[in-house]
Amino acid sequence: MAHTLGPDWQGDHLEAERPKWDNKFQYLLSCVGFAVGLGNIWRFPYLCQTHGGGAFLIPYVIALVFEGLPLFHIELAIGQRLQQGSIKVWKAISPYLGGIGLGCLTVSFLISLYYNTILTWVLWYFLNSFQYPLPWSSCPLDLNRTGFVEECQGSSAMSYFWYRQTLNITADINDSGSVQWRLLICLAACWAVVYMCIIRGIETTGKAIYFTALFPYLVLTAFLIRGLTLPGAMDGLTYLFTPNMQILQNPRVWLDAATQIFFSLSLAFGGHIAFASYNPPRNNCKNDAVVIALVNSMTSLYASVTVFSVLGFKATNDYGHCLDRNILGLINEFDLPEESISRDVYPAALTYLNATQPQRVAQLSLKSCHLEDFLDKSAAGPGLAFIVFTEAITHMPGSPGWAVLFFGMLFTLGLSSMFGNMEAIITPLVDMAVMPRWVPKEALTGLVCLVCFLSAICFTLQSGNYWLEIFDNFVASLNLIVLAFLEVVGVVYVYGIKQFCDDVAWMTGKRPGLYWRASWAVASPLLLMTIFVAYLSLLAQKPPSYRAWNPQYGQFPSRQERPYPDWVLATGMLLTLLPMLWIPVVALVQLLARRRRMWKLRDARPDSDTDTKTYMDMDKDKC
1 MAHTLGPDWQ GDHLEAERPK WDNKFQYLLS CVGFAVGLGN IWRFPYLCQT
51 HGGGAFLIPY VIALVFEGLP LFHIELAIGQ RLQQGSIKVW KAISPYLGGI
101 GLGCLTVSFL ISLYYNTILT WVLWYFLNSF QYPLPWSSCP LDLNRTGFVE
151 ECQGSSAMSY FWYRQTLNIT ADINDSGSVQ WRLLICLAAC WAVVYMCIIR
201 GIETTGKAIY FTALFPYLVL TAFLIRGLTL PGAMDGLTYL FTPNMQILQN
251 PRVWLDAATQ IFFSLSLAFG GHIAFASYNP PRNNCKNDAV VIALVNSMTS
301 LYASVTVFSV LGFKATNDYG HCLDRNILGL INEFDLPEES ISRDVYPAAL
351 TYLNATQPQR VAQLSLKSCH LEDFLDKSAA GPGLAFIVFT EAITHMPGSP
401 GWAVLFFGML FTLGLSSMFG NMEAIITPLV DMAVMPRWVP KEALTGLVCL
451 VCFLSAICFT LQSGNYWLEI FDNFVASLNL IVLAFLEVVG VVYVYGIKQF
501 CDDVAWMTGK RPGLYWRASW AVASPLLLMT IFVAYLSLLA QKPPSYRAWN
551 PQYGQFPSRQ ERPYPDWVLA TGMLLTLLPM LWIPVVALVQ LLARRRRMWK
601 LRDARPDSDT DTKTYMDMDK DKC
């Protein structure tokens with residue numbers, strides 16, 4: 001990079017032509033906004049809860065130290081030093097590694113399709129939050145207006161609004177259904193917002209990021225303050241962080257921790273390389289990597305405390321309703337005076353009645369009421385945001401206001417992540433000059449957004465949720481691990497760790513220490529290989545499947561588990577392999593091009609040994 005890539009990479013003209021961040025804080029906010037996304041809100045708390053509470057933090061911190069930070073440092077360093085997007089960066093490091101940049105661009109494109117679809121759902125809920133009562137707070141009446149819709153009564157008001165009134169989901173992935181016009185309009189609106197924010201690259205995203213990156217923290221703080229005042233909040237936090245050290249013996253815990261930090265930092269997307277390329281060449285990228293990674297992890301913890309303080313309130317509320325139903329059943333069955341059994345004396349009263357009249361108690365089919373059971377009913381992904389958390393909000397005073405804040409937070413949170421995804425696509429295209437110079441960047445940005453919008457229409461079908469899960473499972477999986485592994489190997493073993501450390505010293509004024517060098521050379525590659533093997537073993541043990549929303553199957557959350565059809569699995573594998581196919585293709589093209597140059601040199605038939613050496617030196621320089 002600094003000493004082997006030639007003077008073009010260090011020329012003053014490049015710094016003058018390339019846009020720059022207005023200030024350092026703007027750059028850090030952009031990187032934080034890209035890294036901190038929906039996964040910090042609805043996946044990390046779920047992993048903490050299901051994998052031993054506070055014990056999960058042990059493998060998480062280990063993965064952060066030996067996987068997340070080293071890889072993040074590499075991406076920021078190469079982007080900043082070369083002042084280019086991902087494609088040209090890897091071509092500069094080695095022409096044979098140019099496929100890594102194309103793979104990162106492909107991954108970002110595919111992820112942008114379904115990530116903005118999630119924002120479409122968020123926007124739909126946001127617009128519906130300006131109603132009182134909230135439309136998902138109760139079941140709608142049937143067509144005859146003589147009772148409630150049976151499907152809603154068999155599930156819940158929140159589930160019905162999500163699966164039927166929002167997605168109108170089919171019962172089978174083979175049934176595509178029709179386009180939902182409400183979602184199509186919201187999808188177009190989301191892409192229009194994204195386009196307006198990224199129309200001029202960092203010149204516009206740098207302004208929007210002040211709001212999109214900071215607003216979620218304000219809302220999280222508001223929810224935290226309100227959540228801690230609700231009954232049951234401490235039960236939720238105790239349940240979340242109570243450590244279970246024995247669960248660390250499960251390899252799945254370590255795999256989930258490693259993948260969470262990997263995807264949470266948005267590694268191998270190419271967005272951080274693009275953002276860093278707009279920095280001054282002499283900038284302390286090491287400190288940037290540490291600060292951004294720590295802010296990302298601390299945000300995950302902060303969001304977990306906020307989410308489970310509210311979910312603890314929901315569980316306490318559901319637990320109370322369960323007790324009330326059982327108490328009412330006992331009062332009616334035994335003809336007791338109203339209010340004769342309170343929640344406090346219910347366990348003792350039930351024990352007494354079971355001992356004296358067990359048959360009459362058994363006829364009531366009383367539900368098992370345990371607070372831990374209701375705390376166990378949390379969820380990850382869209383289920384947490386659109387079902388579990390929305391139910392909790394309906395029980396809060398002023399629920400429409402809290403719903404507006406919550407979905408506004410999710411929208412801005414996802415929007416700032418979209419900035420990074422789109423920058424990972426557009427920056428390499430601009431650097432490669434895929435459009436004539438007389439075509440403004442605004443036109444290229446608009447074309448990319450239009451292509452993304454048209455490609456994402458499939459997610460507005462009635463089967464769109466199934467396809468979004470396929471994209472999420474197959475696009476952001478093995479290919480990112482392979483790309484990250486090749487990034488480390490390309491920098492450390494192809495370009496050379498000594499040369500890379502020289503470049504970092506030139507940028508930061510200090511050579512990387514033993515921790516960084518050992519992580520780049522040994523720890524990170526080994527950890528990525530371990531994750532890759534573990535992923536493959538899990539896929540071999542349990543083939544991918546999906547859970548269909550079938551109203552005839554049973555009550556929520558007992559959705560019907562179904563295996564993917566063969567054609568769906570083939571599509572999923574294609575999505576996984578598509579970004580990785582660029583790597584051998586580009587390497588093969590470069591190899592053939594080199595051989596063609598060699599043949600041309602041989603056809604030149606030099607007249608002397610000196611001429612032969614000159615031709616060989618020229619070929620070496622070109623390669």
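In the numbering used here, the protein residues as written are 1 to 623.
Glycine included, C-beta positions come from ideal geometry on N, C-alpha and C.
Residue range of the alpha helix (DSSP H) that residue i falls in?
i, result
"residue 561", "Counting along the chain, residue 561 falls outside any alpha helix (DSSP H), though it belongs to the beta strand (DSSP E) covering 560–563."
"residue 469", "464–474"
"residue 438", "Looking at the DSSP string, residue 438 is not in any alpha helix (DSSP H), and its letter there is neither H nor E."
"residue 573", "566–603"
"residue 220", "202–228"
"residue 156", "Per DSSP, residue 156 belongs to no alpha helix (DSSP H) and is neither H nor E."
"residue 389", "389–394"
"residue 199", "Where residue 199 is concerned, there is no enclosing alpha helix (DSSP H), given that its DSSP letter is neither H nor E."
"residue 373", "371–375"
"residue 282", "Looking at the DSSP string, residue 282 is not in any alpha helix (DSSP H), and its letter there is neither H nor E."
"residue 360", "358–363"
"residue 59", "57–63"
DSSP on residue i, reduced to helix/strand/coil?
i, result
"residue 545", "strand"
"residue 407", "helix"
"residue 241", "helix"
"residue 20", "coil"
"residue 305", "helix"
"residue 345", "coil"
"residue 148", "strand"
"residue 555", "Here residue 555 scores only 48 on pLDDT, less than 50, and its place in the model is too uncertain to base an answer on."
"residue 36", "coil"
"residue 454", "helix"
"residue 461", "strand"
"residue 141", "strand"
Using alpha carbons as the reference points, say which of the options lies closest to residue i.
i, options, result
"residue 160", "423, 512, 386 and 409", "386"
"residue 327", "345, 442, 316 and 317", "345"
"residue 222", "374, 405, 280 and 441", "405"
"residue 308", "225, 151 and 442", "225"
"residue 549", "538, 354 and 462", "462"
"residue 237", "438, 149 and 54", "54"
"residue 367", "321, 197 and 390", "321"
"residue 32", "560, 214, 260 and 376", "214"
"residue 536", "522, 588 and 478", "478"
"residue 110", "135, 262, 157 and 468", "468"
"residue 136", "332, 71, 21 and 163", "163"
"residue 428", "354, 219, 278 and 521", "278"
"residue 504", "262, 127, 281 and 211", "281"
"residue 544", "243, 383 and 573", "573"
"residue 524", "500, 65, 186 and 260", "65"
"residue 173", "603, 564, 592 and 596", "564"
"residue 306", "122, 57 and 392", "392"
"residue 112", "539, 84 and 191", "191"
"residue 247", "47, 584 and 470", "47"
"residue 183", "408, 457 and 396", "457"
Would you say residue i touches the ligand GTP, meaning its beta carbon is less than 7 Å from a heavy atom?
i, result
"residue 540", "Questions concerning the ligand GTP fall outside what the structure shown contains, since it holds no ligand whatsoever."
CB-CB under 6 Å to residue i, same chain, minus the five flanking residues each way: which ones, in chain order?
i, result
"residue 108", "269, 270, 421, 424 and 425"
"residue 494", "94"
"residue 582", "99, 102 and 103"
"residue 30", "209 and 275"
"residue 374", "315, 318 and 319"
"residue 177", "170, 461, 462 and 463"
Give every residue of the same chain whose Cβ lies closer than 8 Å to the Cβ of residue i, excluding the five residues on either side of it in the sequence, and list them in chain order.
i, result
"residue 528", "67, 481, 484, 485 and 488"
"residue 526", "none"
"residue 106", "578, 579 and 582"
"residue 204", "196, 197 and 198"
"residue 585", "99"
CB-CB under 7 Å to residue i, same chain, minus the five flanking residues each way: which ones, in chain order?
i, result
"residue 89", "78, 79, 82, 101 and 273"
"residue 644", "This structure leaves residue 644 out entirely; the chain is present only between 1 and 623."
"residue 560", "547, 548, 550 and 553"
"residue 199", "442 and 445"
"residue 233", "227, 309, 312 and 313"
"residue 130", "400 and 404"
"residue 37", "413, 414 and 417"
Mind checking if residue i is an interface residue toward chain B, Cβ cutoff 8 Å exclusive?
i, result
"residue 406", "The structure shown contains no chain B; it is built from a single protein chain."
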